[in-house]
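Protein chains: 2
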Amino acid sequence: MANFYINPNNVVHELPKNNQPKFFMFGVPSYTNLGDQAISLAERKYIEAEFPDYQYIEIVEEDDDAAIPVVKQCITKQDIVAFTGGGNMGNLYLNHERARRKVFSTFTDNLTISFPQSIHFEDNEAGLYEQKLSQEAYQKNPNLVLVARDAQSYHRMQTTFNNKVIFTPDMVLYMKSVNWEFNRNGALFVLRHDSEKVVKKSTIDNIKDILGNERPVKRVDTVLDEPQKITPVTREALFDSELELFSHQEIIITDRWHAMVFSVLTGTPCLLFGNSYGKGKHAYIDWLEHINWVSYTDEEDTERIKQQINAVMEAKTHAYDLIPDFKQLHDLIPHNR
Amino acid sequence: MANFYINPNNVVHELPKNNQPKFFMFGVPSYTNLGDQAISLAERKYIEAEFPDYQYIEIVEEDDDAAIPVVKQCITKQDIVAFTGGGNMGNLYLNHERARRKVFSTFTDNLTISFPQSIHFEDNEAGLYEQKLSQEAYQKNPNLVLVARDAQSYHRMQTTFNNKVIFTPDMVLYMKSVNWEFNRNGALFVLRHDSEKVVKKSTIDNIKDILGNERPVKRVDTVLDEPQKITPVTREALFDSELELFSHQEIIITDRWHAMVFSVLTGTPCLLFGNSYGKGKHAYIDWLEHINWVSYTDEEDTERIKQQINAVMEAKTHAYDLIPDFKQLHDLIPHNR
């Protein structure tokens, strides 16, 4: 029996019976990656703020299979189907890709939106095989629109799929910035443990040597060990805690794209290193290069890294506005009916 | 009396009287920048190949003022107005920007397309003043669509103007690649002389030292001294000559974005340096990073530059496909009526 998250305090097992148009968001994470959790939070905030005529209903990923036939039975022409955004379109995270195929190829009569994603199919036999399966599934849906969150992904989606592709930032950049003015003390290393990791341990050790002489240094990941599960009910408090953690730091060193996004939102100096296929680099260059307190590097030279760290730590925060960059998504969604 | 270029061998002074829908391209360059000339050539090729139901009529920039009232009198609802693409939206090339404002604010009842551009208004009093004038002019036209040719410009256009913005590559990347298999001999430096120049003379001298020991080294610019003027009648032969020149080189060193584009089209190894506001860098990262024989750098370290040059010179050419990246423009233009 599927759970439908109507709002953070209202989980139901049957779909509401009313005439309000519905916005069904599938694939909502229950795993403990705070970046992906922040995306699903931002998606709800976005639709509720910008399109209040829709009733927003979330389905967490483990309920996708059970929910699909229930939604299929009740859905009407005015409803919208969506699949959550992130950095997992492709063959590296097949559980997500398989769920996406199933949702896209099922609701072919409804506007279907793949929320802002980056995409990476490996250029090998396994990658090409999975790409073909995704092509077959996606092309069954003439009403499917893919949203790319960086230009590299925009190019890849357009050359891989026949579907319409639009271009916006990652949804978390829709969230409001905060300015809590805590005393900042310490350097926080936010580093992956997964297969996308490419930054060398020696590089990290060198940076710790630079920074640690003057301040406390801690290491975390945006993927939490505890709790073991996060739901639409619990995610906002964890997101707020993460912003609070960032707001206490003098500097963030990371290879996680969303650690850079949290740094933007909190005005925290941040240096981002690459992952295995450039998703953070491209998103930074496309949307954040004009934001003074964050920067990207592939450097291994300690002196050059030190200069970049000094530059972001000395930068003053300033106003920025990424909301107009969501316009292609905004124009896609019918409203005021 | 204005010239209307119906096709390369047919220049007329009155608009053709027939029922065929018209595609009016304003601002076509007559100056000798081969990059901008290649853009206007590619624009004609694109519309003639993809939308043959339109009669394509070019107006060169010095005729814009005389042509506007003539077109205004004859234009019908089915016709499209466009302004040529390039890297000159903003306050650095005010003659172009003023012409753009005039065209956009005149044909407010027709679909009006600003072909792929990058944009740069300086962050100073003069820049903000000119930006305000452009905002006032552009917003008079509810049917105006701006096309950005890199993600930085996409962000800037969306935060500067209320008009719809779409995202495609530079039009010259629509041109077919050539493989003439000439013997390649020599290094060609293609370098700006204008206000956008930032690459240091010492860097160039160091590269000449690296390359010149083994091969002839020449220097040119894509802005020609002779002829003094290029028209839609003469540009294609000059474009072909330029591709032939590139096809004879072992390596191109440049700070001109279109020298990189010509290198892509001819399979010529190329290293691109930056200009004053990042237009080449962003366009490279957005569209060409996966093309092995071209690369971008901001480096001044000779050893690192040498490594990058070796990498592009050793790269094998491969197939690439940027045509799907023009889909947002293709979808914008009505056809098969």
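Those protein sequence lines, which keep their order, are chains A and B.
Quick note: the first sequence, position 316, residue 316 per the working numbering, numbers continuous.
Quick note: the second sequence, position 275, residue 1275 per the working numbering, numbers continuous.
Here a beta-carbon is modelled for each residue, glycine too, at the ideal position from N, C-alpha and C.
Cα-Cα separation between residue i and residue j, rounded to whole angstroms
i                : j                : result
D1321 of chain B : N124 of chain A  : 19 angstroms
T231 of chain A  : A82 of chain A   : 18 angstroms
N185 of chain A  : D255 of chain A  : 21 angstroms
V1178 of chain B : E1236 of chain B : 14 angstroms
D1053 of chain B : T159 of chain A  : 26 angstroms
P1216 of chain B : I1210 of chain B : 12 angstroms
E50 of chain A   : H330 of chain A  : 8 angstroms
D1079 of chain B : F1107 of chain B : 10 angstroms
E48 of chain A   : F23 of chain A   : 10 angstroms
Y1046 of chain B : P324 of chain A  : 29 angstroms
N88 of chain A   : N292 of chain A  : 28 angstroms
Y56 of chain A   : F167 of chain A  : 23 angstroms
D170 of chain A  : G267 of chain A  : 18 angstroms
N1033 of chain B : F262 of chain A  : 44 angstroms
R149 of chain A  : G278 of chain A  : 12 angstroms
Y1154 of chain B : V1165 of chain B : 7 angstroms
L243 of chain A  : P1021 of chain B : 56 angstroms
G1127 of chain B : H1096 of chain B : 15 angstroms
Q249 of chain A  : V199 of chain A  : 21 angstroms
V1070 of chain B : K1281 of chain B : 40 angstroms
W287 of chain A  : N1213 of chain B : 42 angstroms
Contact list for residue i against chain A, beta-carbon separation under 9 angstroms
i                : result
Y1154 of chain B : A151, F167, D286 and D325
H1282 of chain B : A151, I285, D286 and E289
Beta-carbon neighbours of residue i, restricted to chain B and to distances below 7 angstroms
i               : result
D321 of chain A : T1159
N- and C-terminal bounds of the alpha helix (DSSP H) containing residue i
i                : result
A49 of chain A   : L34 to E50
H1282 of chain B : K1279 to A1283
G1212 of chain B : K1201 to G1212
P1069 of chain B : D1064 to C1074
A1237 of chain B : R1235 to S1247
Q158 of chain A  : A151 to T160
G127 of chain A  : E125 to Y138
M260 of chain A  : W257 to T266
Q328 of chain A  : K327 to L332
L1094 of chain B : L1094 to T1106
I1305 of chain B : T1302 to E1314
Anticipated Cβ contact below 8 angstroms, residue i with residue j, distance rounded
i                : j                : result
F121 of chain A  : T112 of chain A  : The pair is not a contact, with the Cβ atoms about 20 angstroms apart (cut-off 8 angstroms).
V172 of chain A  : A319 of chain A  : So it is not a contact: roughly 18 angstroms between Cβ atoms.
V1147 of chain B : S1118 of chain B : About 11 angstroms separates the two Cβ atoms, so there is no contact after all.
P1029 of chain B : T1084 of chain B : 7 angstroms
F353 of chain A  : A38 of chain A   : Any property of residue 353 of chain A remains undetermined from this structure, which presents chain A solely from 1 to 337.
E299 of chain A  : I305 of chain A  : 5 angstroms
T1317 of chain B : Q1308 of chain B : Contact doesn't hold; Cβ gap of about 17 angstroms is too wide.
V294 of chain A  : L272 of chain A  : 7 angstroms
Within-8 angstroms CB hit, residue i to chain D
i               : result
W287 of chain A : The structure shown contains no chain D; its protein chains are A and B.
Beta strand (DSSP E) segment containing residue i, residue limits
i                : result
G86 of chain A   : G86 to G90
M1 of chain A    : M1 of chain A -> no beta strand (DSSP E), and no H or E assigned at all.
N1010 of chain B : N1010 to V1012
T297 of chain A  : V294 to T297
L1144 of chain B : L1144 to A1148
H1120 of chain B : T1112 to H1120
K218 of chain A  : V217 to V220
T254 of chain A  : I251 to T254
V198 of chain A  : No beta strand (DSSP E) holds V198 of chain A; DSSP gives it neither H nor E.
L188 of chain A  : A187 to V190
Y54 of chain A   : Segment: none, Y54 of chain A is in no beta strand (DSSP E) and carries neither H nor E.
L1271 of chain B : C1270 to F1273
V1081 of chain B : I1080 to F1083
I166 of chain A  : K164 to F167
Cutoff 8 angstroms; reference residue i; Cβ partners in own chain excluding five residues on either side
i                : result
S195 of chain A  : L92 and S276
N1110 of chain B : I1075, K1077, D1079, I1080, V1081 and N1143
D1064 of chain B : F1026, G1027, A1099, K1102 and V1103
K1218 of chain B : G1186, A1187, L1188 and F1189
F326 of chain A  : Y46, T168, P169 and Y174
Own chain, CB closer than 6 angstroms to residue i, minus 5 neighbours either side, in chain order
i                : result
V11 of chain A   : N3 and Y5
R131 of chain A  : Looking at the sequence shown, residue 131 of chain A is not Arg but Gln. If we look at Q131 of chain A and ignore the five residues flanking it on each side, its Cβ neighbours are F121.
G35 of chain A   : T222 and H258
T1203 of chain B : E1300
Close-in-space but distant-in-sequence residues of the same chain around residue i (CB under 7 angstroms, 5 per side omitted)
i               : result
I207 of chain A : I253 and I305
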